[in-house]
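Residue numbers (UniProt numbering), protein chains in the order written: chain A, 1 to 432; chain B, 1 to 432; chain C, 1 to 432; chain D, 1 to 432. We put the CB at the ideal spot given by N, CA and C, even for glycine. Step one of this worksheet: look at the structure below.
Protein chains: 4
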Amino acid sequence: MGTRAASGPAVSALSAVLAGLDARLPGLERLYADLHRHPELSFAETRTAAALAARLGADGYEVHTGIGGTGVLGVLRTGPGPTVLLRADIDALPVEEKTGLPYASTARGVDAEGREVPVMHACGHDMHATWLSGAAALLAEHRSRWSGTLLVVFQPGEESGGGARAMIDDGLFDVAGPPDVVLGQHVCPGPAGWVLTRAGVLMAATDALRVTLHGRGGHGSRPETTVDPVVLAASVVLRLQTIVSREVAAGDSAVVTVGSLHAGTTHNVIPDHATLDVNIRTFEPAVRERVLAAVDRIVRGEARAAGAPAEPEITELATYGVTRNDEAATTALTAAFDAYFPAGRVAEAPLVTGSEDFGEFGCAAGVPSVFWLVGGLPEREVLDAIAGGRFESDVPSNHSPLFAPVLHPTLRTGVETLVVAALHRLGSPGVG
Amino acid sequence: MGTRAASGPAVSALSAVLAGLDARLPGLERLYADLHRHPELSFAETRTAAALAARLGADGYEVHTGIGGTGVLGVLRTGPGPTVLLRADIDALPVEEKTGLPYASTARGVDAEGREVPVMHACGHDMHATWLSGAAALLAEHRSRWSGTLLVVFQPGEESGGGARAMIDDGLFDVAGPPDVVLGQHVCPGPAGWVLTRAGVLMAATDALRVTLHGRGGHGSRPETTVDPVVLAASVVLRLQTIVSREVAAGDSAVVTVGSLHAGTTHNVIPDHATLDVNIRTFEPAVRERVLAAVDRIVRGEARAAGAPAEPEITELATYGVTRNDEAATTALTAAFDAYFPAGRVAEAPLVTGSEDFGEFGCAAGVPSVFWLVGGLPEREVLDAIAGGRFESDVPSNHSPLFAPVLHPTLRTGVETLVVAALHRLGSPGVG
Amino acid sequence: MGTRAASGPAVSALSAVLAGLDARLPGLERLYADLHRHPELSFAETRTAAALAARLGADGYEVHTGIGGTGVLGVLRTGPGPTVLLRADIDALPVEEKTGLPYASTARGVDAEGREVPVMHACGHDMHATWLSGAAALLAEHRSRWSGTLLVVFQPGEESGGGARAMIDDGLFDVAGPPDVVLGQHVCPGPAGWVLTRAGVLMAATDALRVTLHGRGGHGSRPETTVDPVVLAASVVLRLQTIVSREVAAGDSAVVTVGSLHAGTTHNVIPDHATLDVNIRTFEPAVRERVLAAVDRIVRGEARAAGAPAEPEITELATYGVTRNDEAATTALTAAFDAYFPAGRVAEAPLVTGSEDFGEFGCAAGVPSVFWLVGGLPEREVLDAIAGGRFESDVPSNHSPLFAPVLHPTLRTGVETLVVAALHRLGSPGVG
Amino acid sequence: MGTRAASGPAVSALSAVLAGLDARLPGLERLYADLHRHPELSFAETRTAAALAARLGADGYEVHTGIGGTGVLGVLRTGPGPTVLLRADIDALPVEEKTGLPYASTARGVDAEGREVPVMHACGHDMHATWLSGAAALLAEHRSRWSGTLLVVFQPGEESGGGARAMIDDGLFDVAGPPDVVLGQHVCPGPAGWVLTRAGVLMAATDALRVTLHGRGGHGSRPETTVDPVVLAASVVLRLQTIVSREVAAGDSAVVTVGSLHAGTTHNVIPDHATLDVNIRTFEPAVRERVLAAVDRIVRGEARAAGAPAEPEITELATYGVTRNDEAATTALTAAFDAYFPAGRVAEAPLVTGSEDFGEFGCAAGVPSVFWLVGGLPEREVLDAIAGGRFESDVPSNHSPLFAPVLHPTLRTGVETLVVAALHRLGSPGVG
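Structural data, given as C-alpha cells:
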C-alpha cells in the first residue's frame, strides 16, 4: 500500500519521538489542570489561546494568533513532504462544575444573551488542547526525524459552532498553504487507553434551533387576560418528544433535546414569551429533513392551540454536517494505530450522536480528514457495563457537571495517537 | 350612624382641602412620570423612597426613613383625635416595559437570584405613591381643618412579600403609636374615575413556591445517560393545570400560575435541574390546603415518573393571607365615597384574585382596615367590555409589559379617595 | 302576598294529605329498589315507564304513554283552578354499579354507538320517579282537598338530553293544556332531610361535544408510517385542562370534562382515529362562548401539531341552557317550604354545576318554573364535611358507581316537597 | 457446502414442481379473496381452518385439525429424508377495513374483552395461508420428485400471541415427529417480487402489556369529587413517549406504542378507570429491560401524581422473543433463493420491528429455523421512495385499515419461495 510504504521511514521514528513522553507527563498534567480550572466560553478563549500559543512559540513553532477570533495556528516546516493539520478545540461550556476535583472550575462567563453563567470544561476540550500541546512539543523536539509541514490548530468556538468556519474564513490556509490531510480526536466515554474510529459517517449532524414562543403577559392571578407562554412551552417540550418516539423509524436514529428553556422573571407575573434552545442530531438527510419539519409543525401547531398572539420564531443557532471519515485515510490510519497499540485497544467506533465542526477543515481544503475517539473513563467500569449489555457505564459522560476523565492513561494515549497519526502521514527526512 | 355624625365636621372640610387639587395635578403628573421612568425592585427602592421622603419633609411632615429597609413614614399631628394610617406601596416588577410611553422604563435591576433583569412599574405602585404624595400634601396644606394624627406610609417590598411585615417589625408603630384605622388603595383594570370596594374578603391569599426539580445532566446528544429535567418540568407544568381544572369545585376559586421556569444554559447540554416559581391564589382555607397538597403530590409524583435522582425541593417564597375589609369601617367609608363621588362611580368590587400584604398593618395593630380599588382604564372601553358580558376589557392589565393606566381622571380620583377617606375618619378641629 | 293568600286554604290540606305517607313508605321503598335494580338508558325506559304508568292508572289518573318516545303523562282534574306540572326524569346511566347494595343493578344496555354497556341509576332518577309516584298517589287519594289540574310527567332522556324537548314536541301540552307552573326536583349530595333552592340561575348550562381526531393507522411497531391518534388524543386531553386553569377567570365558573375517550382495538395496531366525548358546564354566556371557542382552537391546533391527515370533527351531542328559577315563584315556594319543614332544613342552594333540561317545560309553556334539590347523603357526614370547610363530603355523589342515597329520610322528604309545592299552587275546592 | 450438495438433486425438481404454478394462480386468487373477505380473530379461525384443512385433504395430506385450538397440520411422507416444517399464520386483526376492495371485509368479531369489533386481514395472514396452501398443493402433486416428510402448519393466534406455543403444547411434534428445519415467511412493505432476509436477529422482541389506571368516578360536572382517569391516562401516554425519546440511545432501537386506550361510557360521567394496551418492541435484552422498567416507573409515578386511589395494574398480554435466523441455514437458503430468483430480487432485510412467535417452533424442536419477508407493495413506488432516501413508501403498510398488498407478483413469489425453500432442504427420491 502506497501510503504505508511512504510512511514507513517516518513510522520508524515513532519510538524515538515518544520516548520523551513519560518525562513530559507531569508537565502536561499541570497544563491540563490549569486549563480545566480556567475554562472559557466559545470565542472568549483568550487566556487559553495565549497559554497554548506561548507553548508553541517556546517549542519553536511559527505562531499565528487571533485567527477567527481566538484561534491559534502553529507552523513547523522541516523540509519537503506532506502538510499535516492536527486540530484541537479549546472552548468550554456553560455548565456548573460539580466534580469536587481539586482543580474544579468556579469560573463564570457571559453567554450570547448576556447572561452570566458558570463555565466548565465539561466536554474535555482541555484534554484535547493538552494532548495537542504535548504532541506538538514532541514532534518539534524530534523535527529531524520527519520531513514536511506540521499545522497545529487550536480552534475556538466548537461548542457554539462556527469556530472552524471562522478560522478558515479568516485565512487559516493562507498562512502556510492548505493541508494534505486533517486529523483530530475527541475524548469519549469509552475505556481509557482505547482508540475508536470508523470509516464513513462517524458522528451525527447537528441542527441547533432557538424557538421563541410568544404569549401575552399579565398578572399571575389573572391568567384569563393572558396567553401563558409557560404552559405553551411545556406543551411544546412534551410534544417534541413524539418526534423521536413516533416519527423516526426504529432502524433510524435521531435525538431531539431541549437543552435550555427560559421564561419569566418572578412568580406573580405571567411573562410574554418563552425561549427554547433545541438540539437535533441525525445521521441521514431524509431523517434530518423529517425531524426539522416536525419541529416546525409542532411549534406552530401548539402556538395555534394556545391562541398565541404571534407566530413563534425559529432561528438557527448552529448547524453541523455529519462527520465523515475518508475511507482510504481511515483504513490506513487504523492500520497504523493497530501496529502501535496493544491488541484490543483499537476498535471500531459505534455511530456517535455527538457532532463536530472538525469536518469543515477537510471540506474547505478538499482533502481527506480522519477523526477518532480516545476513551477517558475507567476501563474496568466501562467493560463491566458492556458485559452487562450496555455500551454506557454509569460514569458521568461529556457535558455532565460531573464529567471528569481519568488522567491516566488518557493523557498519554491521546498524545500517542496524535504522534502516530502525524508521523504516519509525514515523510522521512531526505525522502518526503 | 355614629361614624357619620362624628365625621360630619371633617367631611365639611373636603371641598376646601380638595380645591387645591387642580393646581397640583401637573406636578403630580411629573412625579408619576419620574417614578415610572425609574422603577426599583422590592427592597431596592432607594431613589423612590428618597424622593417621596423629601416631598413629605417639604410638606411639613416629620419624616422617618429606612423603616423595614427602604420604608418611609411621615407623621403629621394637628391635635387630639384619631390616628389614621394611609399606606401606599412603592416597588416595581422584573418586567420589560413595552408600552412605548415617553416616560417608559429602560431600567435594569438585580433579582433575588442575582440575575440582572428589566424593571417596570407594571402594577401601578408609581400611581399609588403619587396619589399618596398628593393627598399628603393637600392634607398638610389644610392641617387646620382636621384634628388628629396622620401616618403616611410608603411601603417597600409588596411584590416580593415581606414589606409590611418588615416595617412593623422595625418599629413602625413605635414612632407615633399605632393607628386607629388603616386605609389603602390599588389601581385596578376597572373604569377610570370609579371606586370599588367590598366588605369582608376582597382579595385572595397568595402562596408563592419555588420548585426545584432535580435531573441528571449530560450531553444533549445522549439523553439516555441523563434524567432530563426540562421534560420533567414540562410535565409538571401541564399536570399543575389539572389542579384548577379537576380538583377545585366550579363554585370555588383558585389560580395556580407558573410565572417563571428556568432550566439549562445552552442547546447541547442537558442540565441537571429546573426551577419553577409558582404562584397560588385562593380565598378559602380548605381550597388553599387542597391546592397546596396537590402541588406537592404532583411535583413528587412526576419526579418519580421521571426517575429523578433526588426528591424535588419545594420552598416558600412568600405567603399572604386574604385581604379582609372590616365590615363596619367599609360600610361607613362606602357611605363617605357615595356622598362625595357622582352617582354610579362607587361600586361593589368583585372578589379580586390579586393579593396584598396591606392587611398586615391592621392585623398587627388590632384595628380595622379598609382597602379599595380605583379604576385606571379608559371608562368607555371597560364599559363596552362589560356590556359584552365581561368585566375584562382587552386593555392590558396589571403586570403586563403593556400596563399603562390612563392618567386622567385616574390621578385625580386616587387623591380624592385618600382625602375623603382620611377626613372621614379624622376629627374636626376643636372636636376630634 | 297574593300567592300566599291564595294558597292558604290549599296549604291547610297539607297535614291531611301527608298523613298517609308513613303507611306508603314501605311500598315506595319496594318501588325504588325495583327501579334501581332495573335501570334503563335514555329513551329505552320501557319497563320503567310501564311500571309508573300502571301506578298512575291505579291511582285514578288519566294516563298517556309514549309521549316523546317513552314519556308518561298522568292527568288529574278535580275542578277549576291552576294547572300544576310535576316532573320527574326516569333514565339511567352507562355506569357499572359497585355499591354492593342488595338491589344493585347488573343490567346491560346498548348505547348510542351500539356498544353494550353496563347500566346504573347513578344519578338518582329512580328516586325522582319514586318520589313523584308517591306524591301523585297521595294527591289523588285526597283529590277532594284541592281544586285544579295536576299534570304528572315522567320524562325520558334527561341524561342524553332531548327528553323534555321530545315530550313537548310530541304534544305534551295538547293533552290537558299548558300548565301554569312547572315544578321539579333532584336528589343532591346535601344532607338527607334538607331542601335547597335559589332564585335565578340554579344550574349550569351544558354543552356536550363529540370530538373525532383523525390519524393514520398502521402497525404498532412502525409508528413512523402513521399519525398516532392516541398520542394526539392525550395531548388534546391535557391541553383542554388549560381552558379552566388559564382561560376562565377565578371569579367565573366552568367545567370541561372528557368523560369518554376511545381509540384502538388492540395493542399492536395504531388506530386511525380517537373519539372524545366532552362535557362543558358554564353559567354565563360569555364564559360559555369563550370555552367553546377554546375547545375548537385547541382541538384544531393539536391536530395540526400532530400532522393529522384530516381536520378533527366536532359535533354537538347535547346542549342545555342554564336552569333558571322564576324569582317570584321561588320566593313563594321557599316560604311554603319554610312553613312546613323544621327550621334549618330549607337552605339556599349554591350554584350547581349539574345541568337539566327541566327548564324547557317552563320555557315552552311560557310560565314560571321552580326546581329544587333534596339532600340524599347522611346528614352527620355532610355537616362534618361542611364544618371542615367543604360543602362536599367523601360520600360518593351523583354519577359515581358507588352513588347510593340514604333511603331515610330521603324518600319521605322528596314526597313531602312535591306535595307541599303542588298544594301551595293548587286551589282550594270551591275556591280555586 | 454439504447442504448444497445434499439438496442438489431436490433443487433440480424445482422447475418441474413450479411449472404448474401459473395454472393454479386463478384458484389461489379466489382463495385469497375468500379468506380476505372472511377474516377471523385469533383463536376463532374456525372457518379459515376448515377451508385450509379441506384443501390439504384434497391434496392428499394426512390432516390433523384442532391442534392448539384451531391449528391445522398436514403431513405428507414420500420416503426417507429430512422433515421440513412450513408454517403460515392465519388469524386477522380487530381493524375496520377501509380499502374499498371488492372483496373487502365487513366482518365483526368479539375480542378478548367481549367487545364486538370489526375484523380485517390487515397483516396479510390471508396471503400467508394462500401461499402455503398453493405450495402444499404443488409439492403434493409432485411428491415423486422429493423424499422426506413435509409438515404443513397453519397456525392460529399469532397476533394475540400464544398460537405457536398452543400448537406445540397440544402435541404438534407428536404427530409425525419433530422437524429438522422450520421455515416461514411474511408479506412486508417491500417491493412485490422481492425476497428479503438476514442471518441472526431479524425481528424484534415484543412485550404487550395491559395497563389499568384506577381513578375515582363521579359526575362530569364535579371533577373535584373524583380522580379523573382520563386525564391520568393522557399523562401516561405522553410520558411514555419519553422512553424512546430520552431513555433509549440513538444507536439502540425500541418502539413503545399505546395501541388502544379506553375510558368511560358517556360525556357526563367521569369513569373510574382507564385501560391502555401497550406494545413494546426491542432487539437487545438490556434495552428491553430498561424500557419495561421505565413503563412501570412512569405508570406508577403518574398514578401518584394523580392521587389515584389504587395502584395501577400492569399485566402481560403477550411476549415474544426476537426472531433469530440460524446463521448456516440462512446462508444456505439465501444461496438457494439467489440461484432461483432474478438478480437483485433477493436482498438483505433491515432489522424489522415487527415480531413473530414463529421462532417458538424451532426453539421447541431444538432445530434451525429461517424466516424471510416477501415484498407486497408496488415495486415502482417503493423504489421511488427509497431513491428519495426512505425505505418506506406512502403505500399503507401492515395493520393499516388500508393495507392491501398487490396480488401480482406477490401471490406467485410467496409460493415460489416456499417451494424453493422446501425442496432445498428435502432429499431426492432414492437419495434422501
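Taking the CB atoms as reference points, tell me whether Ala53 (chain D) and Thr70 (chain D) lie closer together than 8 Å.
In the fourth sequence, the residue the question calls residue 53 (chain D) occupies position 53. In the fourth sequence, the residue the question calls residue 70 (chain D) occupies position 70. Taking 8 Å as the Cβ cut-off, Ala53 (chain D) and Thr70 (chain D) do not qualify as a contacting pair.
Assuming Met203 (chain A) and Thr410 (chain A) make a contact with CB atoms under 8 Å, what is their CB distance in whole Å?
Residue 203 (chain A) sits at position 203 when you count from the first residue of the first sequence. Residue 410 (chain A) sits at position 410 when you count from the first residue of the first sequence. About 20 Å separates the two Cβ atoms, so there is no contact after all.
Against chain D, with Cβ distances strictly below 8 Å, would Gln155 (chain A) count as a contact?
Stepping through the first sequence from its first residue, residue 155 (chain A) is reached at position 155. Closer than 8 Å: no.
Relative to chain A, which residues along the stretch 333-360 of chain D have a C-beta separation below 7 Å, given in chain order?
Pro350, Leu351 and Thr353
Could you tell me the boundaries of the beta strand (DSSP E) in which Asp277 (chain D) lies?
Here residue 277 (chain D) is taken as the residue at index 277 of the fourth sequence, counted from 1. Taken as a continuous stretch (DSSP letters only), the beta strand (DSSP E) holding Asp277 (chain D) covers His273 to Thr282.
Do you know how far the Cα of Thr265 (chain A) is from the Cα of Ala164 (chain A)?
Position 164 of the first sequence, counted from the first residue, corresponds to residue 164 (chain A). Position 265 of the first sequence, counted from the first residue, corresponds to residue 265 (chain A). Between Ala164 (chain A) and Thr265 (chain A), the C-alpha separation is close to 36 Å.
Please list the residues of the stretch 85-103 of chain B that have a C-beta atom closer than 9 Å to any C-beta atom in chain A, keeping them in chain order.
Leu93, Pro94, Val95, Glu96 and Lys98
Opening and closing residue of the beta strand (DSSP E) in which Phe154 (chain C) lies
By 1-based counting over the third sequence, the position of residue 154 (chain C) is 154. From DSSP, the beta strand (DSSP E) with Phe154 (chain C) extends over Thr149 to Gln155.
Check whether chain C comes within 8 Å of Arg281 (chain B), counting only Cβ atoms and requiring the distance to be less than that.
One-based indexing of the second sequence puts residue 281 (chain B) at position 281. Closer than 8 Å: yes.
Considering only the beta carbon of each residue, do Val244 (chain B) and Val236 (chain B) sit closer than 8 Å?
Start at 1 with the first residue of the second sequence, and residue 244 (chain B) comes out as number 244. Start at 1 with the first residue of the second sequence, and residue 236 (chain B) comes out as number 236. In this structure, Val236 (chain B) does not lie closer than 8 Å to Val244 (chain B) by Cβ.
Could you list which residues in chain G have their beta carbon closer than 7 Å to that of Glu302 (chain B), in chain order?
Any reference to chain G falls outside this structure, whose protein chains are A, B, C and D.
Report the start-end ranges of each beta strand (DSSP E) in the stretch 98-182 of chain C that is 3 residues or longer and not cut off at the edges.
108-110, 116-118 and 149-155
Am I right that Pro156 (chain B) and Ser42 (chain B) are in contact with their C-beta atoms under 8 Å? What's the rounded C-beta distance?
As a position in the second sequence, residue 156 (chain B) is number 156, starting the count at 1. As a position in the second sequence, residue 42 (chain B) is number 42, starting the count at 1. Contact flag correct, Cβ pair sits at about 6 Å.
How many angstroms separate the CA atom of Leu86 (chain D) from the CA atom of Leu132 (chain D)?
The residue you call residue 86 (chain D) lines up with position 86 of the fourth sequence. The residue you call residue 132 (chain D) lines up with position 132 of the fourth sequence. One C-alpha to the other measures close to 8 Å.
Measure the alpha-carbon distance for Val248 (chain C) versus Thr106 (chain B) and round it to whole angstroms.
Numbered from its first residue, the third sequence carries residue 248 (chain C) at position 248. Numbered from its first residue, the second sequence carries residue 106 (chain B) at position 106. Distance between the alpha carbons of Val248 (chain C) and Thr106 (chain B): 33 Å.
Contact set for Ala269 (chain A): own chain, Cβ-Cβ below 8 Å, skip 5 residues either direction
Translated into the one-based positions of the first sequence, residue 269 (chain A) becomes position 269. Checking the sequence shown, residue 269 (chain A) turns out to be Val, not Ala. Correct list, in chain order: Gly217, Gly218, His219 and Gly220.
Tell me the residue span of the alpha helix (DSSP H) that contains Asp296 (chain A).
For the purposes of this step, residue 296 (chain A) is identified with residue 296 of the first sequence, where counting begins at 1. Where Asp296 (chain A) is concerned, the enclosing alpha helix (DSSP H) stretches over Pro285 to Ala306.
Test item: CB-CB of Leu76 (chain B) and Leu150 (chain B) under 8 Å
The count along the second sequence starts at 1 and reaches residue 76 (chain B) at position 76. The count along the second sequence starts at 1 and reaches residue 150 (chain B) at position 150. Yes. Within cutoff.
Residue from B:Ala335, B:Ala329, B:Ala50 and B:Asp272 whose Cα sits closest to the Cα of Leu35 (chain B)
Reading the second sequence from its first residue, position 35 is the one you call residue 35 (chain B). When each option's Cα is compared against that of Leu35 (chain B), the closest is B:Ala50.
Less than 8 Å between the CB atoms is what I'm expecting for Glu379 (chain D) and Gly193 (chain D), so what's the real figure, rounded?
Residue numbering aside, residue 379 (chain D) sits at position 379 when the fourth sequence is read from its first letter. Residue numbering aside, residue 193 (chain D) sits at position 193 when the fourth sequence is read from its first letter. Indeed they touch by this definition, with Cβ atoms about 6 Å apart.
How big is the Cα-Cα spacing for Phe283 (chain C) and Asp357 (chain C)?
Counting from 1 along the third sequence, the entry for residue 283 (chain C) is found at position 283. Counting from 1 along the third sequence, the entry for residue 357 (chain C) is found at position 357. Phe283 (chain C) and Asp357 (chain C): Cα-Cα distance of roughly 15 Å.
So, with DSSP's three-state summary, where would you put Arg425 (chain A)?
The residue labelled residue 425 (chain A) in the question sits at position 425 within the first sequence. Residue state, collapsed to three classes: helix.
Just to confirm my understanding: we take Pro223 (chain D), look at its own chain, exclude 5 residues before and 5 after, and list those with CB closer than 8 Å. What are they?
Counted from its first residue, the fourth sequence places residue 223 (chain D) at position 223. Here the set comprises Ile270.
Where Glu45 (chain A) falls: helix, strand or coil (DSSP):
Indexing the first sequence from 1 puts residue 45 (chain A) at position 45. It is coil, neither helix nor strand.
Ser147 (chain A) touches chain D at which residues, Cβ-Cβ below 7 Å?
Along the first sequence, read from residue 1 onward, the residue named residue 147 (chain A) stands at position 147. Those within 7 Å of Ser147 (chain A) in chain D number zero; the least Cβ separation is about 41 Å.
How many angstroms separate the CA atom of Ala339 (chain D) from the CA atom of Leu14 (chain D)?
Indexing the fourth sequence from 1 puts residue 339 (chain D) at position 339. Indexing the fourth sequence from 1 puts residue 14 (chain D) at position 14. Rounded to the nearest angstrom, the two C-alpha atoms are 11 Å apart.
Looking at Asn398 (chain B) and Pro189 (chain B), is the spacing between their C-beta atoms short of 8 Å?
Looking up residue 189 (chain B) in the second sequence gives position 189. Looking up residue 398 (chain B) in the second sequence gives position 398. For Pro189 (chain B) and Asn398 (chain B), yes; Cβs fall inside 8 Å.
Length-filtered (3 minimum) beta strand (DSSP E) runs lying within the stretch 308-338 of chain D:
313-320 and 323-325
Span separating the alpha-carbon of Leu196 (chain C) from that of Glu289 (chain B):
Numbered from 1 along the third sequence, position 196 holds the residue referred to as residue 196 (chain C). Numbered from 1 along the second sequence, position 289 holds the residue referred to as residue 289 (chain B). Going by the C-alpha atoms only, they are around 27 Å apart.
Kindly identify the DSSP beta-bridge partner or partners of Pro191 (chain A).
Walking along the first sequence from the start, residue 191 (chain A) turns up at place 191. Looking at the DSSP assignment, Pro191 (chain A) forms a beta bridge with A:Leu377.
Going by DSSP in three states, Phe403 (chain D) sits in which element: helix, strand or coil?
For this step, residue 403 (chain D) is matched to residue 403 along the fourth sequence. In the structure shown, Phe403 (chain D) sits in coil (DSSP, three-state: anything other than H, G, I, E or B).
Residue burial classification, Arg425 (chain D) (beta-carbon count within 10 angstroms, cutoff 16):
Position 425 of the fourth sequence, counting from 1, holds the residue named residue 425 (chain D). Per the 10 Å Cβ criterion, buried.
Ser393 (chain C) versus Met120 (chain C) - alpha carbon distance
Here the question's residue 393 (chain C) lines up with position 393 in the third sequence. Here the question's residue 120 (chain C) lines up with position 120 in the third sequence. Reliability fails at Ser393 (chain C), whose pLDDT of 42 lies under 50, so the model's placement of it is uncertain and no value is given.
For Pro401 (chain C), would you say it is in contact with chain D, using Cβ-to-Cβ distances shorter than 8 Å as the test?
Along the third sequence, one-based indexing puts residue 401 (chain C) at 401. Yes, because at least one Cβ of chain D sits closer than 8 Å to the Cβ of Pro401 (chain C).
Three-state secondary structure assigned by DSSP to His219 (chain C):
In the third sequence, residue 219 (chain C) corresponds to position 219, counting from 1. Reduced to three states, the DSSP call for His219 (chain C) is strand.
In chain order, what residues of the same chain lie with their CB nearer than 6 Å to the CB of Gly148 (chain D), ignoring the 5 residues before and after it?
Here residue 148 (chain D) refers to the residue found at position 148 of the fourth sequence. Closer than 6 Å at the Cβ level, and outside the excluded window around Gly148 (chain D), lie Gly81, Pro82, Leu426, Gly427 and Gly432.
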